[in-house]
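Numbering (our numbering), first residue to last: -9 to 453.
We put the beta carbon where it would ideally sit given N, CA and C, even for glycine.
These numbers were taken from a predicted model, which means no experiment stands behind them.
Report on one structure; see the data block that follows.
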Amino acid sequence: MPAATGAPGGRFAVLDPATGEAFEEAPDQRPDELDAIVGRAHDAWRGWRADPAARAGALLAAADAVEEAAPDIAPLLTREQGKPLAESYAEIARTAARMRYFAGLAPETERIADGRPVRSEIRWRPLGPVAAIVPWNFPLQLASAKFAPALAAGNTVVLKPSPFTPLATRLLGSVVSAALPEDVLTIVTGQEPLGARLASHPGIRHVTFTGSVPTGRAVAAGAAASLARVTLELGGNDAAILLEDVEVERIADRLFWSAFRNCGQVCMAVKRVYAPARLCSDVVEALAQRARTAVVGSGLAPDTQLGPVNNAPQLARVERCTARALADGGRAAAGGHRLERPGYFYAPTILADVPPDSPVVTEEQFGPVLPVLPYDSLDEAVEAANDTGFGLGGSVWGTDLDRAEAVADRLECGTAWINHHAELSLAQPFAGIKESGVGVAGGPWGLYGNLRPFVVHRPEEEA
Ligand code: NAD
């Protein structure tokens, strides 16, 4: 963990997960600094909410600036997060695309037609200062998923990145802020209880959080103090169900990378595979072959496909889940161990023969480890896929698309794919069910999640 200083003007160390060594520092802001920061965000809100056209123009200019700054931001993101450089550039491109998408959205004033001689109108209004708290797996993309709709809707934002990945977000924040009025977007960095204080700050009107289920609960409890609106995008344990007619070699690359992209540190990664018992060993071998040949290394090396796990606690979690699966009778068809080198590298791992109640199946491993489980009947597979407290995404893989779609329709989650996984449209609603989330982000729903309805009733004619 980065070292806490807790002193005014203090800084904390940021580690490079490819070496395990500190390479930079970030400001360790204290919770009591938030009073002034949220106060300024509130003052800036008065001007920012007043002019939608100016807002859209500023966000578009900011998106251009983000793209221009990509050569500075991308290596910093790779250095602190670990992902391959090309993926850092892709993350920045998606960040700019999301800013442009929301700059182009505006709420629609709606008439209420209920037959009464009254002209009733819904006019959508912003909420006020928004607190955004994000994790370390896609720091920039998830930051923009918070600030782009909130700002486009006319709110101001105070955003806190994870202490594992504060640097690229600070740089992104300074690039975006240069195109906006002062204090419209503020990045704060530091360690707990900074996030807890931000989530419960009385000046905040919406807390939008992405992270783990336990922290999401704490955030919701904190926001209850001020009864601020809460949007939570939490963990997932997505299942991929392979059907009898699946062509294993044809889908193996796509399935593998649906689980291992960003070193498996994706909320919507495939985290469990269910294969017909007859095909299970073929599926295990096809995935294991890809796991053995994937190029693991520093994200800055040009041929790297998989970087390190981002941080030591996450690596410990991956090791614990895998060790337990092996102790439970599982078999590592590939990997199953750390790599003997500095940094937080873990060998891409395919697990077979794992009991269904082993933590690598029931919990969110959030790393480069994938269990493959056999099933006898499709009903059994669907039941197993849905038998979880999570409900983020799921996928079905097969040749007969109608049949696959009928199975996908039975998945209890927010988004289901056929022969793909985790590909999201900017225009779609993004909403986990059960413990995977509260509220809806993405698309117009993400904009309205940052607005409140204001209704004006006016008689058609004066009596
Ligand atoms: P985390 O919950 O540990 O931390 C998330 C953020 O909350 C960080 O900024 C952290 O500093 C902050 N935080 C920690 N304690 C807090 C508190 N008491 N009050 C307020 N803020 C606090 O999550 P993580 O380990 O950084 O990220 C991994 C998790 O995020 C996984 O569970 C993953 O599935 C989830 N995730 C979900 C989505 C989604 O869209 N559903 C996307 C990406 C990641």
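Proximity test, residue i beta-carbon vs ligand 1 heavy atom, cut-off 7 Å
i	result
Ser415	no
Ala140	no
Asn127	yes
Ile27	no
Ile123	yes
Pro119	no
Ala151	The sequence given here has Pro at residue 151, not Ala. Correct: Pro151 has its Cβ closer than 7 Å to ligand 1.
Val209	yes
Ala213	no
Glu425	no
Leu132	yes
Ser216	no
Phe92	no
Cys257	yes
Gly432	no
Thr205	yes
Gly384	no
Gly422	yes
Phe250	no
Gly198	First, the residue type needs correcting, since residue 198 is Thr and not Gly in the sequence shown. Because no heavy atom of ligand 1 lies under 7 Å away, the Cβ of Thr198 does not count as near it: no.
Glu309	no
Phe356	yes
Leu224	yes
Glu182	yes
Gly254	no
Ser164	no
Ala186	yes
Ala189	yes
Ser202	yes
Supposed contact pair residue j and residue i - C-beta distance, whole angstroms, cut 8 Å
i	j	result
Leu17	Gly193	One point to set straight first is that residue 17 is Pro, not Leu, in the sequence displayed. With a Cβ gap of about 21 Å, Pro17 and Gly193 do not count as contacting.
Ala8	Gly333	5 Å
Ala133	Leu149	6 Å
Leu95	Leu363	Leu95 to Leu363, Cβ: 41 Å. No contact.
Val203	Leu224	5 Å
Pro129	Ser164	That pair is no contact at about 14 Å.
Leu441	Trp38	With 8 Å as the limit, Leu441 and Trp38 do not qualify as a contact, their Cβ atoms being about 14 Å apart.
Ala322	Thr339	6 Å
Ser248	Ala215	That belief does not hold up - the Cβ atoms of Ser248 and Ala215 are roughly 39 Å apart, past 8 Å.
Local conformation of residue i per DSSP, three classes
i	result
Pro361	strand
Ala3	strand
Gly118	coil
Val446	strand
Asp377	coil
Ile194	coil
Val430	coil
Pro419	coil
Ala51	helix
Gly29	helix
Leu401	coil
Thr159	helix
Pro21	helix
Leu184	helix
Gly383	strand
Tyr336	strand
Arg393	helix
Ala(-6)	A caution first: Ala(-6) carries a pLDDT of 44, below 50, which makes its placement in the model too unreliable to give a value.
Leu95	coil
Asp228	strand
Leu341	strand
Pro65	helix
Pro266	strand
Val124	coil
Gly72	coil
Phe137	helix
Leu175	strand
Ser164	helix
Of the listed residues the options, nearest to residue i (C-alpha basis)
i	options	result
Gly72	Val273, Ala26 and Val299	Val299
Glu402	Leu391, Gly381, Asp392 and Trp247	Gly381
Arg240	Glu370, Arg187 and Thr389	Thr389
Leu329	Pro151, Tyr438, Arg106 and Leu296	Leu296
Gly537	Phe137, Arg20, Glu223 and Val203	The structure shown does not extend to residue 537, since the chain is modelled only from -9 to 453, so the question has no answer here.
Asp41	Asn145, Asn227, Arg448 and Ala421	Asn145
Val35	Ala302, Gln131, Ala142 and Ala55	According to the sequence displayed, residue 35 carries Trp and not Val. Closest by alpha carbon: Ala142.
Arg331	Ser288, Pro303, Val430 and Gly433	Ser288
Ala463	Pro74, Ala59, Ala12 and Asp25	Given a span of -9 to 453 for the chain in the structure shown, any question on residue 463 remains unanswerable.
Ala168	Ala48, Ala302, Arg30 and Ser78	Ala48
Any non-hydrogen atom of ligand 3 closer than 7 Å to residue i Cβ
i	result
Gly47	Ligand 3 is not part of this structure, which contains only ligand 1.
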